[in-house]
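To keep things clear, I will list the structure first and then write my remarks on it.
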Amino acid sequence: MLRKYSNHRTIGDNIKLGGLTAFSAGMVNVLSLIVFFAFTSNVTGHFAIFAQEISSGNWFQAAVVSIWILLFFLGNFTSNFLIIHGNDYIGRYLSHAIPLILEVLCLLIVGIYLQNFYTESLHETEFLISLLLFAMGLQNGLTASISNSTVKTTHLTGLTTDLAILLSMFTKKKFRNDKSLVDKAHLLMTIMFFYVVGGVVTGLFYNFIGNSTFFIVCVVLFIIILYDYYKLSMLRFAHRKQLSVKNKFTISVVEYEEEKKKTCNSN
Amino acid sequence: MKLSFAYGFILVLILCSGSILLKGENPEQTILGKWEEVSWEFERVNTASNQMSIELEENQKKEIYKNLIIHDAEVWEFSPEKELTLQQSGKSTNTKLNWTMKGRGHILELKYKNLPAETYQVQQLTNDELVVYFNFDLQIRGLVKIKFKKVENESYAKKI
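Protein chains in written order, with the working numbering: chain C, 1 to 267; chain Y, 1001 to 1160.
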């Protein structure tokens, strides 16, 4: 899911990554709406609100919204920065996993703060929304960067447009038979489905466990990180085993040849 | 050149927003004090006619008011301790509840004992005027708009 980059990714990799990250984004968006009355997985609405607040002369609110937009921007920037620069120093898997680790940290901070310190002041609310927007920016930047902009999971505007275009294309037979288009439609529908499911699950969970639902989002993200870690470990193990078998075989061949030489010399 | 312009623009935006946040007035501070109800306007009432302003039937009013905390208050006093005192006409006792602001300061949430929280959308908040909307789920499909004007502080009035 994480370790492959750009065109090396299969449709299966993208569907797994898209499904799980869309699920977590849906969860975070609904959670922030319930707790803070603000959307955090997309910024289209925030741009509209920013313009509206400026036109109404509400400079304080306009400044708050502009900081939120900037933090989403910064999240995307950080993700791609880590991916393109970290690749040479810390390896592909780690440079792709760090944005997700940072996202988990942000969500943990929000969850822990809500449970232990939150006094429901506006400053706290604005700060926690900022953290969530940064986290969503990190996630969106990561999925878009490593999938060559194929997977974007925190907002559904572009996705709905793409899906509508694809479905209208499928009214022609030649497009219905195009595997790459069918794969793309599968991916988009998976993202849409899991985003909604994430939101519904959150609504249900929140009634029972309240703010602890943030920790469930962290678990979902950990699954993404550990899935690739596990796969990578298995690959390394298999590679080492292959090497050791090869080495053993080489050693036995060398020993056999040496013994053969000795017997020839003695004769 | 273009790149430095982009980075410069972001930096200017951060600086402007930061300075407004530091110096500007937080809605949580603006709302503090006494507010007197000026009017209640019901919008988008279910009706066959195309009239814009509609008199509510008595049974509709009763149903709306039944579960509403603030329906018969005339003066709302917001304290910095996040306590809202509702002063009712003809009653010596005041109702006290808790208030918080959510979102970017556009949501006013009121909590009273164990009742479900009521949320109001703050449409306008200046030093003199407060306009909030409340959304009903009853047959009053739509919104109720409550307008307030700021009541001058008694001590301030005495000083004058």
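Glycine included, every Cβ here is placed at the ideal spot set by N, Cα and C.
All figures in this text were calculated on a predicted structure; none of them were measured in a lab.
CB contact check: residue i to chain Y, cutoff 7 Å
i, result
"C/E120", "yes"
"C/T213", "no"
"C/N247", "no"
"C/A63", "yes"
"C/A38", "yes"
"C/T171", "no"
"C/F298", "Lying before the first or after the last residue shown, residue 298 of chain C is absent from chain C, which here runs from 1 to 267."
"C/T202", "no"
"C/T125", "yes"
Residue burial classification, residue i (beta-carbon count within 10 angstroms, cutoff 16)
i, result
"Y/P1171", "The question about residue 1171 of chain Y has no answer here: the residues shown for chain Y are numbered 1001 through 1160."
"C/I216", "buried"
"C/D319", "Lying before the first or after the last residue shown, residue 319 of chain C is absent from chain C, which here runs from 1 to 267."
"C/R176", "exposed"
"C/Q139", "buried"
"C/M1", "buried"
"C/M27", "buried"
"C/F194", "buried"
"Y/L1138", "For Y/L1138, the predicted model reports a pLDDT of 49, less than 50, meaning its position is unreliable and no value from the coordinates is stated."
"C/L159", "buried"
"C/V245", "exposed"
Distance, residue j Cα to residue i Cα
i, j, result
"C/A238", "C/V201", "38 Å"
"C/T143", "Y/S1039", "51 Å"
"C/K184", "C/M192", "12 Å"
"C/L166", "C/P99", "31 Å"
"C/E124", "C/D13", "38 Å"
"Y/L1021", "Y/L1015", "10 Å"
"C/A51", "Y/G1008", "21 Å"
"Y/L1143", "Y/V1151", "25 Å"
"Y/E1074", "Y/G1033", "14 Å"
"C/L131", "C/L70", "11 Å"
"Y/L1011", "C/V64", "15 Å"
"C/H85", "C/S145", "13 Å"
"C/H46", "C/L235", "44 Å"
"Y/N1094", "C/T78", "52 Å"
"C/N76", "C/F117", "28 Å"
"C/L17", "C/E255", "49 Å"
"C/K241", "C/N247", "10 Å"
"C/L163", "C/F222", "29 Å"
"Y/L1013", "Y/E1129", "29 Å"
"Y/Y1112", "C/H186", "48 Å"
"Y/S1079", "C/I129", "25 Å"
"C/F81", "C/I54", "32 Å"
"Y/T1030", "Y/F1134", "20 Å"
"Y/L1125", "C/E120", "20 Å"
"C/T213", "C/Y227", "21 Å"
"Y/F1042", "Y/K1145", "6 Å"
"Y/K1002", "C/Y206", "47 Å"
"C/S252", "C/V197", "58 Å"
Among the options, the one whose alpha carbon lies nearest that of residue i
i, options, result
"C/N29", "C/H85, C/H123, C/A51 and C/A135", "C/A135"
"C/G141", "C/S41, C/A164 and C/R9", "C/S41"
"Y/E1037", "Y/F1005, Y/L1011 and Y/Q1087", "Y/Q1087"
"C/V43", "C/L74, C/H96 and C/L243", "C/L74"
"Y/E1081", "Y/L1097, Y/S1092, Y/Q1123 and Y/Y1120", "Y/L1097"
"C/V219", "C/L71, C/E103, C/L70 and C/K4", "C/E103"
"Y/V1122", "Y/N1114, Y/D1128, Y/V1132 and Y/K1113", "Y/V1132"
"C/K4", "C/F214, C/T171 and C/H96", "C/H96"
"C/I67", "C/K261, C/I15, C/I49 and C/I83", "C/I49"
"Y/G1105", "Y/S1092, Y/Y1120, Y/A1006 and Y/K1111", "Y/Y1120"
"C/A62", "Y/E1077, Y/G1018, Y/T1085 and Y/K1113", "Y/G1018"
"C/G91", "C/T250, C/E259 and C/Y229", "C/Y229"
"C/I346", "C/L94, C/F36, C/S32 and C/F39", "Residue 346 of chain C lies beyond the range of chain C shown here (1 to 267); nothing can be said about it."
Short CB-CB distance (under 7 Å) between residue i and chain C
i, result
"Y/L1110", "no"
"Y/G1033", "no"
"Y/L1022", "no"
"Y/S1017", "yes"
"Y/E1118", "no"
"Y/K1096", "no"
"Y/K1145", "no"
"Y/A1157", "Here Y/A1157 scores only 49 on pLDDT, less than 50, and its place in the model should not be relied on; the value that follows carries that caveat. Cβ-Cβ to chain C under 7 Å: no for Y/A1157."
"Y/T1126", "no"
"Y/K1102", "yes"
"Y/L1138", "Since pLDDT at Y/L1138 reaches only 49, below the 50 mark, its modelled position is unreliable, and the value read off the structure follows with that caveat. Output row for Y/L1138: interface = no."
"Y/E1129", "no"
"Y/G1105", "yes"
"Y/E1083", "no"
CB contact check: residue i to chain B, cutoff 7 Å
i, result
"C/S66", "Of the protein chains in the structure, C and Y, none is chain B."
Would the stretch 7-24 of chain C count as touching the stretch 111-124 of chain C if we require 3 or more Cβ pairs under 8 Å?
Counting Cβ pairs under 8 Å, fewer than three are found: no touch.
Cβ contact (3+ pairs, closer than 8 Å) linking the stretch 56-68 of chain C and the stretch 98-112 of chain C:
Using a C-beta cut-off of 8 Å, the stretch 56-68 of chain C makes no contact with the stretch 98-112 of chain C, since fewer than three inter-stretch Cβ pairs fall below that distance.
How do the stretch 1091-1105 of chain Y and the stretch 1012-1029 of chain Y stand: do at least 3 beta-carbon pairs fall below 8 Å, yes or no?
With a cut-off of 8 Å, the stretch 1012-1029 of chain Y and the stretch 1091-1105 of chain Y count as touching, because enough Cβ pairs lie within range.
Kindly confirm or deny that the stretch 4-21 of chain C and the stretch 142-157 of chain C touch, where touching means at least three C-beta pairs closer than 8 Å.
Taking one beta carbon from each stretch, the stretch 4-21 of chain C and the stretch 142-157 of chain C have 3 or more pairs nearer than 8 Å; the two touch.
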